[in-house]
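Okay, so the sequence shown: first residue is 1 according to the UniProt record's numbering, each after it adds one.
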Amino acid sequence: MTYKQTKDMMRKAVPLARKLEGDWTIRMKLALKETVILHYLREELNAQNVQILLAKGCSQRRICKHHGVTSHQLSLLK
């Protein structure tokens with residue numbers, strides 16, 4: 001991920017963090033995690049992106065529903 005992409009993600013995460021309640025650092029961490037997951041869900045489905053999404057805490061079910069594949073097809077990519 002480039003510096004520009006990271007900067008854009010931070011800009012998208014701040015308004016989301018402001019909507020949440022609680023400690024700022026926790027809100028920002030959750031918002032940034034969600035924007036990173038959304039970024040990788042928008043990209044094409046390949047083995048590297050699946051591994052990144054799973055490492056970031058995205059469920060297999062969410063990946064399958066977003067890309068319209070079955071869990072069996074997803075397991076073939078791993």
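All C-beta atoms, glycine included, are put in the ideal place defined by N, C-alpha and C.
- Close CB contacts of Thr35 within its chain, under the 6 Å cut and outside five residues either way in sequence, are with Met9, Lys12, Ala13 (chain order).
- Secondary structure note for Thr25: its alpha helix (DSSP H) is the uninterrupted segment 24 to 42.
- Nearest to Leu16 by C-alpha distance, out of Lys4, Thr6, Gln5, Lys29, is Lys29.
- Annotation: the continuous alpha helix (DSSP H) that includes Thr6 extends over 3 to 19.
- Looking at Ile52, Gly57, Arg42, Arg27, the one whose alpha-carbon comes closest to that of Gly68 is Arg42.
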